[in-house]
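Sequences listed follow chains A and P, in order.
Residue numbering for the first sequence follows this note's numbering, starting at 18 and increasing by one per position.
Residue numbering for the second sequence follows this note's numbering, starting at 18 and increasing by one per position.
Every residue, glycine too, gets a C-beta built ideally from N, C-alpha and C.
Reading through the C-alpha cells given below for one structure.
Number of protein chains: 2
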Amino acid sequence: MSAKRTNGARSTRRRELILSELLDTATELFAAKGYEATSLQDIADAMDVSRSALYHYLGTKDDLLAMLVEQVSRSLAEVLEELRTRPDLSPVDKVRNLTELLVRQRAEHPSQFRILDRSETVLPEPAGTEHLEAKRRIVRELVNIIDEGVKIGQFRPVDSRTAAFSLLGMCNWVAWWFRPQDASDIDAVVATITRLAQDMLCGPQEEAEVGSIGLLNEIRDRLDRLEPRL
Amino acid sequence: MSAKRTNGARSTRRRELILSELLDTATELFAAKGYEATSLQDIADAMDVSRSALYHYLGTKDDLLAMLVEQVSRSLAEVLEELRTRPDLSPVDKVRNLTELLVRQRAEHPSQFRILDRSETVLPEPAGTEHLEAKRRIVRELVNIIDEGVKIGQFRPVDSRTAAFSLLGMCNWVAWWFRPQDASDIDAVVATITRLAQDMLCGPQEEAEVGSIGLLNEIRDRLDRLEPRL
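Written out as C-alpha cells, the structure is:
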C-alpha cells in the first residue's frame, strides 16, 4: 500500500470519527436544550473547535438531521439488505447479527436515535423522505428474514410483520433506558437481548415426528441412562 | 340498587368516556400541530363542544398532561402492583396479562402514549415527578414478576432488568407502528405479542432431570408407539 493510500484511509477514518463525535455532541445538546435553542456555535463550543472548523463538516443545522438519517436509518437499511442475502447465514444467525448491531448502536449513541425518532415529523427534505424509505426497507428486510425462518422451520409460525416490529421495538427501546454510566455492561445487555430475540422467534421446541429407528434410538438412550443406576 | 346509585354509576362511566375521548382528541391535535400551537378552543372545536363545557373537565392545557400521567402511567403502575400480588396467577399468567393490557392500550390510544413519552422532559409538576415514579414502579413490579418466574423455574435464568425493559419496549412500540385503520386486527396483534413475550422468557424447554421410573415410563411410551408400526 502506498503512503498516499494509507494517508487516504487514515483521513477517511478520521473524518468518520469526527462526524460520529459531532453527531453525538449535537444530539446531546438537542436533547438537553431543544433543537431550536441549540446554535452551531453551541456545538462548536462543546466540541472545543472553532465555528469555521465546524463549517468544514456542515453548513446549516438542518445538515445535522440529514447526517443523522444517513448514519442511523439509511446505513442500517443497507447493512440489513446485505445481511438478508448472505447465503452462509441461517435466519437465526441473521436475527442474532441484526439484534447485536441494533442494541449496540442504541446503547452507544442513544441521543442519535432519540433525536432522529422525535424529529421524524419535522425532518427537512430530502432527508425526511429518505428516512421514511429507509424505515420501510428495514421492516421489509426483517419480515423477509422471519418469513424465511418460518418456511424452513427454524422459527415457529408467526405473523412476521408483528414479530418484526416487536423485535425492532425491543432493540430501539435500549436508547431510552440504557444509562451511559453502565457502558461496561453493553456486552451483557447485547448478549441478553440477542438471546431473548432468538427464543422469542424459535419458541419452545415442539416434539418432532420421530420414525421407528428414532424411537428405537430413544429406547436405547433411556436404557443406557438406566443401566448405571441398577 | 337504588335509582340514585344507578345514576351515579352511569354518570361516573359517562365522565370516564368523555375524559378518554378528550385525551384522544387533545393528543391527536398535539401530534398533528404540536403542543404549543394547540389551543383549548381547538380541542373544544374538534370535540364539537363549547369551550365552557370543556372547562368542566380542565382549567388549563397543562391539566391535560397531568391527566395523561394519571391515565397512562399511574393507572398502569397500580394495575401492575395488584397483578404482581395475585396468588392465583403464575408468573407466566402475570406476564401474559400485562402484555395484553399494554398492547391493547397502545393500539387503542397511540397518541396518548406517544405524546406523554415525548413530553416527559417538559411535564408540569407534580405530574412530572409522578410520571417518573410511576415508570420506576412499573419496572420494579415487572422485574419482581420475572425474578419470581426464574426462581420457580418457569422462566429461564435471565437478567430481569434487561428482560423487563425489552418486554416494555416491545409493547410500547405498538404505539408507533400500529395503524388505527387496522383496528380490526387488534386482537390478533395482542395474541401474537403475548405469545412472543411468553416464549422470550420461557425459552426452549430444557430437558428435565428424569428419575429411573421416568426413564422406564419413557421406554414404555416409545414401545407403545412402535408396536402399531410392526
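Contacts that residue i makes with chain A (C-beta to C-beta distance below 9 Å)
i: residue 180(P); result: 209, 210 and 213
i: residue 28(P); result: Per Cβ cutoff of 9 Å: no residues; residue 28(P) is ~38 Å from chain A at best.
i: residue 37(P); result: Chain A residues near residue 37(P): none, gap ~24 Å exceeds 9 Å.
Contacts of residue i in chain P (Cβ-Cβ under 9 Å)
i: residue 236(A); result: 235, 236, 239, 240 and 243
i: residue 201(A); result: Those do not exist, as residue 201(A) stays about 14 Å from chain P at its closest Cβ, beyond 9 Å.
Whole-Å CB distance - residue i paired with residue j, under 8 Å assumed
i: residue 236(P); j: residue 120(P); result: 44 Å between Cβ atoms; not a contact.
i: residue 44(A); j: residue 64(A); result: Rounded, the Cβ-Cβ distance is 13 Å, inconsistent with contact.
i: residue 220(P); j: residue 110(A); result: Wrong, their Cβ atoms sit about 18 Å apart, outside the cutoff.
i: residue 214(A); j: residue 96(A); result: Not a contact, Cβ separation roughly 16 Å.
i: residue 190(P); j: residue 185(A); result: 7 Å
i: residue 232(A); j: residue 243(P); result: 5 Å
i: residue 246(A); j: residue 229(P); result: 5 Å
i: residue 36(P); j: residue 57(P); result: Contact doesn't hold; Cβ gap of about 15 Å is too wide.
Cβ neighbour criterion (16 or more within 10 Å) applied to residue i
i: residue 89(A); result: buried
i: residue 234(A); result: exposed
i: residue 162(P); result: buried
i: residue 128(A); result: buried
i: residue 132(P); result: buried
i: residue 174(A); result: exposed
i: residue 34(A); result: exposed
i: residue 94(A); result: buried
i: residue 73(A); result: exposed
i: residue 205(P); result: exposed
i: residue 177(A); result: buried
i: residue 40(P); result: buried
i: residue 239(P); result: buried
i: residue 241(A); result: exposed
i: residue 183(P); result: buried
i: residue 212(A); result: buried
i: residue 151(P); result: buried
i: residue 192(P); result: buried
i: residue 91(A); result: buried
Neighbouring residues, chain A, relative to residue i (Cβ below 7 Å)
i: residue 232(P); result: 239, 242 and 243
i: residue 7(P); result: Given that chain P is displayed from residue 18 to residue 247, the structure contains no residue 7(P) and the question cannot be resolved.
Cβ neighbours of residue i in the same chain (closer than 6 Å, five flanking residues each side left out)
i: residue 179(A); result: none
i: residue 79(P); result: 141
i: residue 86(A); result: 144, 147 and 148
i: residue 167(A); result: 174
i: residue 165(A); result: 108
Contacts that residue i makes with chain A (C-beta to C-beta distance below 8 Å)
i: residue 189(P); result: 186 and 190
i: residue 107(P); result: The contacting residues do not exist; residue 107(P) stays about 16 Å from chain A at best.
Within chain P, the residues that residue i reaches when beta carbons sit closer than 7 Å
i: residue 206(A); result: 179
i: residue 246(A); result: 229
Contacts around residue i, its chain only, beta-carbon distance under 8 Å, and the 5 residues preceding and following it disregarded
i: residue 98(P); result: 154 and 158
i: residue 30(P); result: none
i: residue 106(P); result: 100 and 114
i: residue 156(A); result: 178, 181, 182 and 185
Same chain only: Cβ atoms within 7 Å of residue i, ignoring 5 sequence neighbours per side
i: residue 188(P); result: 116, 119, 120, 123 and 210
i: residue 82(P); result: 136, 140, 141 and 144
i: residue 18(P); result: The predicted position of residue 18(P) is uncertain, since its pLDDT is 46 and thus under 50; a value taken from the coordinates is nonetheless stated next. Result list for residue 18(P): empty, nothing under 7 Å.
i: residue 46(P); result: 55, 59, 60 and 63
i: residue 160(P); result: 177, 178 and 181
i: residue 67(A); result: 61
i: residue 172(A); result: 108, 163, 166, 218 and 219
i: residue 48(A); result: 128, 131 and 132
i: residue 207(P); result: 117, 120 and 121
8 Å Cβ cutoff, residue i in contact with chain C
i: residue 215(A); result: In summary, chain C is missing from the structure at hand, where the protein chains are A and P.
### Task
Please list the residues of the segment 126-148 of chain A that have a C-beta atom closer than 7 Å to any C-beta atom in chain P, keeping them in chain order.
135
### Task
Closer than 8 Å, Cβ to Cβ, to anything on chain P: give me those residues from the segment 82-98 of chain A, in chain order.
none
### Task
Give, in chain order, every residue of the segment 55-83 of chain A whose Cβ lies closer than 9 Å to some Cβ of chain P.
none
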